[in-house]
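> Chains as they are written, first to last, in our numbering: chain A, 1210 to 1584; chain G, 823 to 1085.
Don't be surprised by glycine CBs; every beta carbon is placed ideally from N, CA and C.
Keep in mind that this is a model prediction, so the values were computed, not measured.
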Ligand SMILES: Nc1ncnc2c1ncn2[C@@H]1O[C@H](COP(=O)(O)OP(=O)(O)OP(=O)(O)O)[C@@H](O)[C@H]1O
Ligand SMILES: [Mg+2]
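1) Can you find a heavy atom of ligand 1 that lies under 7 Å from the Cβ of residue 870 (chain G)?
2) Please work out which residues of its chain come closer than 6 Å, Cβ to Cβ, to residue 1565 (chain A), disregarding the five sequence neighbours upstream and downstream, and give them in chain order.
3) Within 10 angstroms of the Cβ of residue 1214 (chain A), are there 16 or more other Cβ atoms? Answer buried if so, exposed if not.
4) Pick helix, strand or coil for residue 1548 (chain A), following the three-state DSSP scheme.
5) Give me the DSSP bridge partner(s) of residue 987 (chain G).
6) With DSSP as the reference, label residue 949 (chain G) as helix, strand or coil.
7) Do you know whose CA, among A:1549, A:1240, A:1405, A:1237, lies nearest residue 1206 (chain A)'s CA?
8) Counting only beta-carbon atoms, is residue 1547 (chain A) nearer than 8 Å to chain G?
9) Is any heavy atom in ligand 1 found nearer than 7 Å to the beta carbon of residue 873 (chain G)?
10) Straight-line CA distance for residue 1422 (chain A) to residue 1465 (chain A)?
11) Give the straight-line distance between the Cα atoms of residue 1544 (chain A) and residue 1356 (chain A), rounded to the nearest whole angstrom.
12) For the region 956–971 of chain G against the region 913–926 of chain G, are there 3 or more C-beta pairs whose distance is under 8 Å?
13) In whole angstroms, give me the CA-to-CA distance for residue 1047 (chain G) and residue 1034 (chain G).
14) With DSSP collapsed to three states, give me the class of residue 1083 (chain G).
15) According to the neighbour-count rule (16 or more other Cβ atoms, all chains shown, within 10 Å of its Cβ), is residue 1382 (chain A) buried or exposed?
16) So, is residue 909 (chain G) buried or exposed, given that buried needs 16 or more other C-beta atoms within 10 angstroms?
17) Closer than 7 Å by C-beta to residue 1578 (chain A): which residues in its own chain qualify, once you throw out the five before and the five after it? Chain order, please.
18) Among residues of its own chain, excluding the 5 on either side of residue 988 (chain G), which ones have a beta-carbon nearer than 8 Å to its beta-carbon?
19) Quick one: grab the DSSP three-state call for residue 894 (chain G).
20) Just to confirm, are residue 840 (chain G) and residue 1010 (chain G) a CB contact at a threshold of 8 Å?
21) List, in chain order, every chain G residue whose beta-carbon is nearer than 7 Å to that of residue 1486 (chain A).
22) In the DSSP assignment, find the unbroken alpha helix (DSSP H) run with residue 1228 (chain A) in it and report its ends.
23) Alpha carbon to alpha carbon, how far is residue 1246 (chain A) from residue 1296 (chain A)?
24) DSSP state of residue 837 (chain G), grouped into three classes?
25) Measure the beta-carbon distance from residue 1287 (chain A) to residue 1305 (chain A) and round it to whole angstroms, keeping in mind my assumption that it falls under 8 Å.
26) Taking the C-alpha atoms as reference points, what is the distance between residue 1512 (chain A) and residue 1400 (chain A)?
27) How many angstroms separate the CA atom of residue 929 (chain G) from the CA atom of residue 1018 (chain G)?
28) With a 10 Å radius around its C-beta and 16 neighbouring C-beta atoms as the bar for buried, classify residue 1218 (chain A) as buried or exposed.
29) Just to confirm, are residue 1540 (chain A) and residue 1533 (chain A) a CB contact at a threshold of 8 Å?
30) Return the residues of the region 1011–1032 of chain G that lie within a Cβ-Cβ distance of less than 8 Å from chain A, sorted by chain order.
31) Quick test of your reading: residue 944 (chain G) and residue 927 (chain G), contact by CB under 8 Å. State the CB separation rounded to the nearest angstrom.
32) Once DSSP output is grouped into helix, strand and coil, what is the label at residue 1053 (chain G)?
33) Which same chain residues end up closer than 6 Å to residue 974 (chain G) when comparing Cβ atoms and leaving out the 5 residues on each side of it in sequence?
34) In this structure, does DSSP put residue 1037 (chain G) in helix, strand or coil?
35) By alpha-carbon positions, which one of A:1368, A:1576, A:1520, A:1363 ends up nearest to residue 1391 (chain A)?
36) Name, please, each residue of chain A whose Cβ falls closer than 8 Å to the Cβ of residue 913 (chain G).
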């Protein structure tokens, strides 16, 4: 029992191997390009052998390396074998994919138990573990779409999306320039900056605060779909109207967060400023704004997501013939779902980079906050 | 009105009533007190007797509702605007985004001291509170006692003759407290500041003060003012002398009288 507990993933992988062996072949009899016997044997031996090794008490770094290599090599062989045989996978195929997935799981489990000695090593581990997770989402996606032969327009396999991505770099790049570099960045900067400035004014003049905050909450509940066509009417088809939508969407989160953040400093800290006979602007610069930084960065992060959504959706309501939203809406009409997915992948990537940059800036600015101090 | 140049704080029939949800709270009533230049005055009394409130009235962080008070011969507001006091709060209240030396620089920046002057003052006050070498640390990297010393350094950095301290050592252990008390006395002798000091500890009050103000609650008022007969030079051992114990006894009696009023 204790031996089993040492690697339950290995035990289950072994059982799955046996079950798959009993229900061979991996592909239906009418598959155009069945697996070669050598490949088949290699896959089975690798997975079963590694599952057994995972019980042995060898060093974690060696074990995780073996698990890593075998899990991904086996997955690679399985996926390579299914190409051209879409929809012909049998139960045995999926059992083997599951078995290699379990080996990868074991690998992650071993990796998370390792305490790296050097800083570079721990960074590497911190990046490797989510990378394995991400890779397996793609592997399972690929195996299911190709294995079951899911229609292309419902869900294309990631390999097809990747190929499309690689083949349309100039188009995608033009779209990114139009949507991200023009509409999103301009709208984001102007929206956040004006929200911030108005928040300071609202803080200085109470009547503005009482009037603006309720309106702010109302406007942030407005559906962007309603605003976008109006902005197109006002500012034309090009990126300016999309930037306007982004400004409307990002202005109020920044306003509301900054106004709340400016009240975040403690009574004692404010009394201290008062005891120095500090003026309004001095207290603002030296106490209230630094104390508000966590709130301001919260708004910057929310807005980085909102800006991307706003710009893409706004392009559904009329654009020149370039832009990520434009591409998505036209390509879906032409059933080019792989292109749509390629745009989605690009949007996800740029969105993550955008968010990551803001989060890094936050870490550098609010390092003092109890939630960031550790270590 | 006692506006003689030697009086730093002078209160006449001072009263302060907080209007709260469940009726008025008489935090201070009929307080008559004069603090002279160079005095070290301790305020002692049970919780809620208005010690903090009195200090806050001096500092113009709270407005008296009756009576009169002058600070350096001015109204508290004028005194605050002319930056005549340094306030040490019960908690260090250091800004976590500033290093210790930047925290000490805070009042200096606000009051417009030049960069070179700031640097010299930071160095001097860090030395004064035995924190030399810790200037580049952030407050949350220091112990509670060190943080409190840094907040004292901050109050000493600029030229205010009056130091208001509200239980500055309340949260510290006995040994650190003894040490800081000794340091504070030396500092007081060296800088010749006037100090108003709130405490709950009788030995601390007797050890430090030239005058001890005993207060009692409901309504908050002064019940006794005891002038210390101890010499200015006070080693820690002075706390075992009969003279010291005699004063401590008087303070205790004063506190008892205030307490029996409650029951
Ligand atoms: N802002 C306020 N609003 C209403 N009541 C207050 C306020 N500040 C103080 N009080 C009341 O005034 C009275 C005196 O308070 P104060 O803080 O001066 O007491 P203290 O002597 O400093 O007590 P402690 O030794 O516990 O610090 C208390 O009854 C308190 O509840
Ligand atoms: Mg108090």
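Inspection of the coordinates gives the following:
1) Residue 870 (chain G) Cβ: within cutoff of ligand 1.
2) Cβ neighbours of residue 1565 (chain A) beyond the five flanking positions: none.
3) Result: exposed.
4) In this structure, residue 1548 (chain A) counts as helix in the three-state DSSP scheme.
5) According to DSSP, residue 987 (chain G) bridges with G:910, G:1019.
6) Reduced to three states, the DSSP call for residue 949 (chain G) is helix.
7) Any property of residue 1206 (chain A) remains undetermined from this structure, which presents chain A solely from 1210 to 1584.
8) It does not: the Cβ of residue 1547 (chain A) has no partner Cβ on chain G nearer than 8 Å.
9) Yes, since a heavy atom of ligand 1 falls inside the 7 Å radius drawn around the Cβ of residue 873 (chain G).
10) About 7 Å.
11) The straight-line gap from Cα to Cα measures roughly 22 Å.
12) Short answer: they touch.
13) For residue 1047 (chain G) and residue 1034 (chain G), the distance between alpha carbons rounds to 6 Å.
14) Note that residue 1083 (chain G) has pLDDT 49, beneath the 50 cutoff, so the model's placement of it is unreliable and the number below is only indicative. In the structure shown, residue 1083 (chain G) falls within a helical segment according to DSSP collapsed to helix, strand and coil.
15) Exposed.
16) Residue burial annotation: residue 909 (chain G) is buried, with at least 16 other C-beta atoms found within 10 angstroms of its C-beta.
17) Around residue 1578 (chain A): 1503.
18) So the list reads 873, 874, 877, 909, 910, 911, 912, 1020, once near-sequence residues are dropped.
19) Three-state DSSP puts residue 894 (chain G) in coil, outside helix and strand.
20) Going by C-beta atoms, residue 840 (chain G) is not nearer than 8 Å to residue 1010 (chain G).
21) Correct list: 902, 903, 905.
22) First-last of the alpha helix (DSSP H) with residue 1228 (chain A): 1217–1231.
23) Straight-line Cα distance between these residues: approximately 21 Å.
24) Here residue 837 (chain G) sits in strand by DSSP.
25) Rounded, the Cβ-Cβ distance is 6 Å, consistent with contact.
26) Straight-line Cα distance between these residues: approximately 9 Å.
27) Taking the straight line from one Cα to the other gives about 20 Å.
28) With 16 or more other Cβ atoms inside 10 Å of its own Cβ, residue 1218 (chain A) counts as buried.
29) Between residue 1540 (chain A) and residue 1533 (chain A), the C-beta spacing is not below 8 Å.
30) Within the region 1011–1032 of chain G, no residue qualifies.
31) The pair is a contact, with the Cβ atoms about 6 Å apart (cut-off 8 Å).
32) It is coil, neither helix nor strand.
33) Correct list, in chain order: 910, 951.
34) The DSSP-derived three-state label of residue 1037 (chain G) is strand.
35) Taking residue 1391 (chain A) as reference, the option from A:1368, A:1576, A:1520, A:1363 with the minimal CA-CA separation is A:1520.
36) Against chain A, a Cβ distance below 8 Å from residue 913 (chain G) picks out 1477.
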